[in-house]
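Residue numbers (the numbering used here): -9 to 94.
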């Protein structure tokens, strides 16, 4: 494995641990729905960043003696990024136009 592969893999692991810690710590302390949504959005963003770091780690591993691990990391990272983006856009983004339509 190249040095960049290892560094990016460590970055992905650290970001994922931060995402999990954010969800566990801030989610448990949330006293309102908006605080819970904020904690979930922050955890989701950190999860997406972790998945992108995993993709970059996989790209760096493609020229190593075991390129199959690189492809596995790329596929897992892209899947995690897509899932995080869909969860964020579907469940965590406030619907701006729907609120203005309710007031009329």
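Idealized CB from N, CA, C, for every residue including glycine.
Note that the structure is a prediction, hence the values are computed from the model and not measured.
* With a threshold of 16 other CB atoms inside 10 Å of the CB of residue 83, please say whether the residue is buried or exposed. => Exposed, by the Cβ-count rule.
Please list the segments of the alpha helix (DSSP H) lying wholly inside the stretch 17 to 66, counting only runs of 4 or more residues, in order along the chain.
Whole alpha helix (DSSP H) segments, 4+ residues: 23 to 51.
Practice problem: Buried or exposed for residue 24, please, with buried defined as at least 16 other CB atoms from any protein chain shown within 10 angstroms of its CB. | Solution: Exposed, because fewer than 16 other Cβ atoms sit within 10 Å of the Cβ of residue 24.
Q | Residue nearest to residue 37 in terms of C-alpha spacing, selected from -1, -8, 8 and -5 | A | Per the Cα distances, 8.
key: DSSP-derived helix/strand/coil call for residue 77   = Here residue 77 sits in helix by DSSP.
**Prompt:** Can you name, in chain order, every residue of its own chain whose Cβ lies under 7 Å from the Cβ of residue 20, other than the five neighbours on each side?
**Reply:** The answer, listed in chain order, is 26 and 29.
Which residues in the same chain as residue -8 place their Cβ atom closer than 8 Å to its Cβ, once the five residues preceding and following it in sequence are excluded? Taken in chain order, the residues that qualify are 50, 51, 53 and 54.
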